[in-house]
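What follows is a set of notes on a single structure, which appears directly below.
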Amino acid sequence: MKRRKRAKKRGKPLKDLLVRTLKSRLFQRFMLSLVVLVVVSATGLYLYGLLKRGLSLRHFVVMGNTHLADNEVVSLMGLKRGVSLLDIDPVRLRRRLLKSPWIKAVLIRRQPPHSLIVLVKEATPVAILKRKNSLFLVDGEGVLLERIEQSPSFLPVISVKGKNRELLSQVLLLARAVRRFDYFNDQEIEIIAKRPEDISLKVNGLLIKIGKGQYTEKLKQLVTLRDRIEKIKVPIDYIDLRFRKRLIVRPVKRLGNAR
17 MKRRKRAKKR GKPLKDLLVR TLKSRLFQRF MLSLVVLVVV SATGLYLYGL
67 LKRGLSLRHF VVMGNTHLAD NEVVSLMGLK RGVSLLDIDP VRLRRRLLKS
117 PWIKAVLIRR QPPHSLIVLV KEATPVAILK RKNSLFLVDG EGVLLERIEQ
167 SPSFLPVISV KGKNRELLSQ VLLLARAVRR FDYFNDQEIE IIAKRPEDIS
217 LKVNGLLIKI GKGQYTEKLK QLVTLRDRIE KIKVPIDYID LRFRKRLIVR
267 PVKRLGNAR
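Residue numbers (my numbering): 17 to 275.
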């Protein structure tokens with residue numbers, strides 16, 4: 017009995033302390049703040065859910081693409097309609113698109129309420145690389161864009177011995193120079209190179225020795241004198257543009273040089 021009385025006496029101060037704490041303004045304010053926080057958080061989550069559902073992706077707007085179709089660009093992103101715009105990570109989508117050799121730059125923008133705008137900058141093929149009986153579209157930096165079955169008539173075909181990157185770079189510079197002249201449109205163009213100093217151009221089967229460097233100037237000289245060259249009545253073996261300010265026409269029969 018005495019122990020019980022002692023326990024009651026010890027428990028009474030604790031009970032009084034608990035009652036005073038519950039009645040204190042500080043505790044009441046804390047509880048009120050906690051309730052408000054819970055209500056606000058729950059309301060925020062609810063409204064966020066409504067907002068996500070209201071910003072579902074329905075439309076892809078793809079711009080700047082000429083080679084890749086719109087659905088190909090969308091497929092590269094790995095994104096499907098119905099996902100919320102808030103869940104879309106433009107940085108991740110950009111990395112996925114840049115894995116394609118055709119895409120050089122990307123800008124992605126979310127357009128509420130239901131659209132995603134994708135602006136791409138594609139690579140420009142400047143030539144067709146012939147390698148091991150296969151044909152590849154190649155850009156000005158030497159990047160293989162796509163394997164093709166036949167050669168388009170508007171692009172020069174290039175053949176480079178080995179995998180000499182500098183030699184390929186020089187050949188691509190010549191290919192880009194060729195495309196600047198209307199004179200070469202609708203003609204069968206092939207560029208052959210074993211060494212930089214031996215870079216040659218074939219126009220409808222006619223061999224033109226170009227050499228290294230000053231490609232625009234050399235081609236301009238060729239185009240300027242084309243009428244004189246066409247007036248030559250003997251079969252031409254080759255034309256040599258490797259010498260500065262000189263154009264040499266070598267007939268098949270050694271009848272002398274026409275300059």
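Glycine is no exception: its CB is placed at the ideal position from the N, C-alpha and C atoms.
Best match in Ile119, Val154, Lys96 for proximity to Ser131 [C-alpha to C-alpha]
Of all alpha-carbon atoms in Ile119, Val154, Lys96, the one lying nearest the alpha-carbon of Ser131 is that of Lys96.
Distance between beta carbons of Leu263 and Leu223, contact taken as under 8 Å:
Taking the Cβ atoms as the reference, Leu223 lies roughly 14 Å from Leu263, outside the contact range of under 8 Å.
According to DSSP, simplified to helix, strand and coil, what is Ile245?
In the structure shown, Ile245 sits in a helix (DSSP, three-state: H, G or I).
Please specify which runs of the alpha helix (DSSP H), each continuous and at least 4 residues long, are wholly inside the segment 80–118, giving them in chain order.
The qualifying runs are 86–93, 106–113.
Compare the beta carbon distance of Ile119 and Val89 with 9 Å and say whether it is the shorter of the two.
Taking the C-beta atoms as reference points, Val89 is found nearer than 9 Å to Ile119.
Report the option in Leu188, Tyr254, Arg258 whose CA atom is closest to the CA atom of Arg266.
With distances taken between Cα atoms, Arg266 lies closest to Tyr254.
Spatial neighbours of Leu66 within its chain, please: C-beta separation below 8 Å, excluding the five flanking residues on both sides.
Below a pLDDT of 50, predicted positions are generally treated as unreliable, and Leu66, at 47, falls in that range; the measurement from the model is reported next regardless. If we look at Leu66 and ignore the five residues flanking it on each side, it has no Cβ neighbours.
Distance, Ile248 Cα to Arg192 Cα:
Whole-angstrom Cα-Cα distance: 29 Å.
Have a look at Asp155 and Gly221 and give me their C-alpha separation to the nearest angstrom.
In a straight line, the C-alpha of Asp155 is about 24 Å away from that of Gly221.
Taking the beta strand (DSSP E) that Glu162 belongs to, which residues open and close that run?
For Glu162, the enclosing beta strand (DSSP E) has its first and last residue at 160–164.
Do Val136 and Leu123 have their beta-carbon atoms positioned less than 9 Å apart in this structure?
Going by beta carbons, Leu123 and Val136 fall inside the 9 Å limit.
Alpha-carbon spacing of Ala5 relative to Glu246, whole angstroms
Lying outside 17 to 275, the shown extent of the chain, residue 5 is not represented and no answer is given.
Spatial neighbours of Pro172 in its chain, beta-carbon cut-off 6 Å, leaving aside the 5 residues before and after
Closer than 6 Å at the Cβ level, and outside the excluded window around Pro172, lie Ala143, Ala191, Val194, Ile205, Ile207.
Less than 7 Å between C-beta atoms, sequence neighbours within five positions excluded: which residues of the same chain meet that for Gly114?
The residue you asked about is not Gly; residue 114 is Leu in the sequence shown. The answer, listed in chain order, is Val122.
In whole angstroms, what is the alpha-carbon distance linking Leu151 and Glu213?
When the Cα atoms are used, Leu151 and Glu213 turn out to be separated by approximately 24 Å.
Around the C-beta of Met79, are 16 or more other C-beta atoms found within 10 angstroms, so that it is buried, or is it exposed?
Classification of Met79: exposed, given that the 10 Å Cβ count is below 16.
Complete beta strand (DSSP E) runs within the segment 161–228 (minimum length 3 residues, chain order)
As far as the segment 161–228 is concerned, its whole beta strand (DSSP E) runs of at least 3 residues are 173–176, 205–209, 216–219, 222–225.
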